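Undergrad: Here it is, the structure, as structure tokens.
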Amino acid sequence: MTVLLDPTAERSPTSRERLPRPDSLEGLTVGLLDISKPRGDVFLDRIDQRLTERGITVKRYMKPTVAKTAPIPLRLQMGGEVNVVIEGLAD
Amino acid sequence: MPLIPDDGLIAVVKRDCPTCVLAEPVLAELARLGALTVYTQDDPTFPGSVAAPVDDTDLGVSHRLGIEIVPTLIRRADGKDAARTYGWDRAEWERVAGFQGIGADLPAFQPGCGAKNVEPGVLERLKIRFGETGLIARRIEIGGDEDEFEAMFERGWSDGLPVVPPTEERVLRMLQGTTRDPQELVGIVPPNLQPATVEKIAINAVMAGCKPEYLPVVLAAVEAALDEPFTMHGVLATTMYVGPVVVVNGPVRRQIGMNAKGNALGQGNRANATIGRALQLVIRNIGGGRPREVDRATLGNPGKYTYCFAEDEEGSSWEPLSVERGLPRGVSAVTVFAGFGLQGIVDQKSRDPESLARSMAESLKAIHNVKLAPACDAMLVVCPEHERTFRNAGWSKARLQQELRALCEIPGDTLVAGARGIAEGGPPSLAGRMINKFRPGGLLIVRAGGGAGMFSGIIGGWSAGGAAGSLPVTKEVKT
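Residue numbers (the numbering used here), protein chains in the order written: chain A, 43 to 133; chain B, 2 to 480.
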């Protein structure tokens with residue numbers, strides 16, 4: 043028998059349960075996150091328009107750079123201000 | 002394992018040691034006086050003149066007593082050492098044994114020999130046996146019928162090539178390459194944001210095939226790649242080709258036998274190959290960064306197995322990269338750069354620096370796409386024969402940087418989307434302006450390669466070069 047030392051972090055990746063999907067957006071605040079990819083604004087402007095027409099409150103956010111994950115203050119801000127976030131993932 | 006008496010005299014010897022053989026009459030004399038237990042490390046029949054030498058060929062007693070030299074004579078009292086001496090030194094033996102006039106026929110002094118329990122490899126096995134390694138990584142037992150190499154592949158620990166099994170013994174030997182505490186935290190590894198301790202890095206360095214003396218370079222490379230400005234998460238997760246490229250400067254290059262000369266960026270040098278690989282295995286195994294998972298590379302590049310080389314500082318008229326980047330000359334350092342592949346610059350005719358710089362600039366302007374500027378950072382690897390042309394004309398590295406920057410100004414008209422019949426390109430606002438291929442400071446220059454051949458190379462970078470994406474990071478190699 044050979045005994046090896048575990049080269050990994052010895053835990054499965056931190057995975058969290060997703061929040062349940064809302065049945066309706068009525069009465070909820072929707073955050074639109076622009077990740078700074080080209081033409082993300084075109085997509086999000088249209089979503090903004092469609093949601094606003096339905097009377098849903100929309101808040102807009104933007105990551106400083108596409109290359110890095112959202113800064114913690116931005117994540118906390120969104121977490122405190124909205125119920126749902128929509129982002130455009132690719133150009 | 003034999004018990005160690007709480008009281009009385011103990012001697013630890015081996016037949017292979019001439020001083021132990023010399024001291025045999027004294028051992029016999031002390032045994033007759035009824036005060037001595039002799040433990041023998043190699044031959045249980047030695048010393049023959051002692052009634053019942055105790056077999057310590059498994060070296061357990063020697064290890065527990067911390068023997069380093071044989072013969073060692075110890076006086077025990079109440080389960081502890083009351084006095085100890087090693088080698089043959091009559092006065093010392095008289096003091097420890099408490100008898101005068103022993104070994105009167107022997108010379109007064111003769112140095113001893115190294116004990117078997119501290120021989121390389123043996124000490125590690127004894128530490129493992131006695132649970133003294135201080136290593137806390139989870140132990141994984143591979144069944145006797147299981148092929149350990151296949152088992153490691155199946156557990157997902159490999160980059161696709163076989164890895165060296167990280168046994169406790171190998172990891173302990175690896176850790177002898179550094180003075181750092183095995184539990185010291187070197188950084189947090191993306192994407193799973195898991196702690197990389199010296200111990201975990203050493204395990205991956207074993208798997209990569211490193212020698213212990215490479216470990217300080219691996220640790221510095223990991224530290225650099227995990228430094229925030231390098232943005233290892235983005236470098237891993239991007240769809241682009243890049244991975245960390247490691248450039249080593251300073252005396253450590255020669256101390257560990259790195260290749261900075263012929264085929265410096267190619268295969269065949271153990272240090273070059275395994276240091277770069279160890280960094281990749283750390284990202285994979287500790288951080289959980291795996292291709293087609295969080296690593297979203299469209300093509301990747303072969304350098305993602307390993308991409309590490311040394312700068313050829315000897316014979317160069319230029320400052321080493323680490324010195325340019327702020328470290329004192331003579332200090333060993335690694336620089337990590339988010340890069341990919343190698344685009345050749347073949348120029349066998351330029352004999353003046355102006356022509357050669359123009360030649361290099363034209364090649365540089367093609368990185369990513371001739372229609373894209375600023376495109377990315379890049380590392381220009383200048384071969385010795387090209388460097389000689391600059392040296393003969395008195396061009397420093399700074400001068401070459403400056404000239405290349407000027408030569409990499411591109412008319413915006415040619416970069417606009419659709420211009421030159423190519424849809425790729427920038428917005429109409431580029432028209433009428435000059436645009437540089439690189440951000441200021443976005444071009445690194447190093448010297449490497451064999452003495453023959455006018456073949457320099459370009460290591461392309463990530464489109465997200467610069468402060469918003471990945472910046473090169475330089476770290477000193479510590480012990």
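We put the beta carbon where it would ideally sit given N, CA and C, even for glycine. Here the structure is a predicted model, which means the values were calculated and not measured.
I'd like the ranges of any beta strand (DSSP E) spanning at least 3 consecutive residues and lying wholly in the segment 58–132 of chain A.
TA: Note on the segment 58–132 of chain A: whole beta strand (DSSP E) runs with a minimum of 3 residues are 71–76, 99–104 and 126–129, in chain order.
Undergrad: Using the Cα positions of residue 55/A and residue 228/B, report the straight-line distance between them to the nearest angstrom.
TA: Here residue 55/A scores only 38 on pLDDT, less than 50, and its place in the model should not be relied on; the value that follows carries that caveat. Looking at the two C-alpha atoms, the distance is approximately 21 Å.
Undergrad: Looking at the strands, I want to know which residues DSSP matches up with residue 380/B.
TA: BP columns for residue 380/B point to 445/B and 460/B.
Undergrad: Assuming residue 24/B and residue 89/B form a contact by the criterion Cβ under 8 Å, report the distance between their Cβ atoms to the nearest whole angstrom.
TA: 5 Å
Undergrad: Beta-carbon of residue 46/B versus every beta-carbon of chain A: anything under 8 Å?
TA: Taking Cβ atoms only, chain A never reaches closer than 8 Å to residue 46/B, which makes this a no.
Undergrad: Does any residue of chain A bring its CB to less than 8 Å from the CB of residue 429/B?
TA: no
Undergrad: Output, in sequence order along the chain, the residues in the segment 109–134 of chain B whose CB is closer than 8 Å to any CB in chain A.
TA: Considering only beta carbons, no part of the segment 109–134 of chain B lies closer than 8 Å to chain A.
Undergrad: Can a CB atom of chain B be found closer than 8 Å to the CB of residue 49/A?
TA: yes
Undergrad: Report the residues of the segment 207–221 of chain B with a CB closer than 7 Å to any CB of chain A, ordered along the chain.
TA: 208
Undergrad: Relative to the alpha-carbon of residue 86/B, which residue among 96/B, 455/B, 404/B and 80/B has its alpha-carbon at the smallest distance?
TA: For residue 86/B, the nearest C-alpha among the options comes from 96/B.
Undergrad: For residue 40/B, which residues from the same chain have a beta carbon less than 6 Å from its beta carbon, with the 5 sequence-adjacent residues on both sides left out?
TA: So the list reads 13, 55, 57 and 62, once near-sequence residues are dropped.
Undergrad: Below 7 Å on C-beta distance, what does residue 405/B contact in chain A?
TA: Within chain A, no residue comes near residue 405/B; the closest Cβ sits about 25 Å away, beyond 7 Å.
Undergrad: Taking CB distances under 8 Å as the criterion, tell me whether residue 168/B reaches chain A.
TA: yes
Undergrad: Cutting at 7 Å between CB atoms, please list the residues of its own chain near residue 202/B, excluding the five before and the five after it.
TA: 187, 219, 220, 223 and 283
Undergrad: If you pair each beta-carbon of the segment 185–199 of chain B with each one of the segment 70–82 of chain A, do three or more pairs fall below 8 Å?
TA: no
Undergrad: Between residue 432/B and residue 419/B, is the Cβ-Cβ spacing less than 8 Å?
TA: no
Undergrad: For the beta strand (DSSP E) containing residue 96/B, list its first residue and its last residue.
TA: Under the DSSP assignment, residue 96/B falls outside any beta strand (DSSP E), being part of the alpha helix (DSSP H) whose first and last residues are 91–98.
Undergrad: Would you verify that the beta carbon of residue 232/B is, or is not, closer than 8 Å to some beta carbon of chain A?
TA: yes
Undergrad: When you check each C-beta in the segment 52–79 of chain B against every C-beta of chain A, which residues fall closer than 8 Å?
TA: none
Undergrad: Using only alpha-carbon positions, find the residue among 52/A, 43/A and 64/A that is nearest to residue 125/A.
TA: 64/A
Undergrad: Could you list the residues in the segment 133–154 of chain B with a C-beta less than 9 Å from some C-beta on chain A, going in chain order?
TA: 136, 138, 139, 140, 141, 142, 143, 144, 145, 147, 149, 152 and 153
Undergrad: Does the Cβ of residue 121/A have 16 or more other Cβ atoms within 10 Å, making it buried, or fewer, making it exposed?
TA: exposed
Undergrad: Where do the ends of the alpha helix (DSSP H) carrying residue 237/B lie?
TA: 233–238
Undergrad: Across the segment 318–328 of chain B and the segment 392–402 of chain B, are there enough close Cβ pairs to call them in contact, namely three or more that are closer than 8 Å?
TA: yes
Undergrad: From the DSSP secondary-structure annotation, give me the bridge partner or partners of residue 140/B.
TA: 47/A
Undergrad: Residue 45/A touches chain B at which residues, Cβ-Cβ below 8 Å?
TA: 140, 141, 142, 143, 168 and 169
Undergrad: Could you tell me whether the Cβ of residue 79/A comes closer than 8 Å to any Cβ of chain B?
TA: no
Undergrad: With the cut-off set at 8 Å, would you say residue 7/B and residue 117/B are in Cβ contact?
TA: no
Undergrad: Would residue 135/A count as contacting chain B if we go by Cβ distances under 8 Å?
TA: Chain A is shown only over 43 to 133; residue 135/A falls outside these bounds and no answer can be derived.
Undergrad: With a CB to CB cut of under 8 Å and the five nearest residues on each side skipped, what residues in its chain are close to residue 349/B?
TA: 455
Undergrad: Indicate whether residue 163/B and residue 237/B have their beta-carbon atoms separated by less than 8 Å.
TA: no
Undergrad: Does the beta carbon of residue 52/A come closer than 8 Å to any beta carbon on chain B?
TA: yes
Undergrad: Write down the C-beta distance between residue 372/B and residue 416/B rounded to the nearest angstrom, noting that I regard them as a contact closer than 8 Å.
TA: 6 Å
Undergrad: Residue 107/A versus chain B: which residues are under 8 Å apart at the beta carbon?
TA: 465, 469 and 470
Undergrad: Just list the residues that DSSP pairs residue 40/B with in beta bridges.
TA: 13/B and 55/B
Undergrad: Residue range of the beta strand (DSSP E) that residue 338/B falls in?
TA: 334–347
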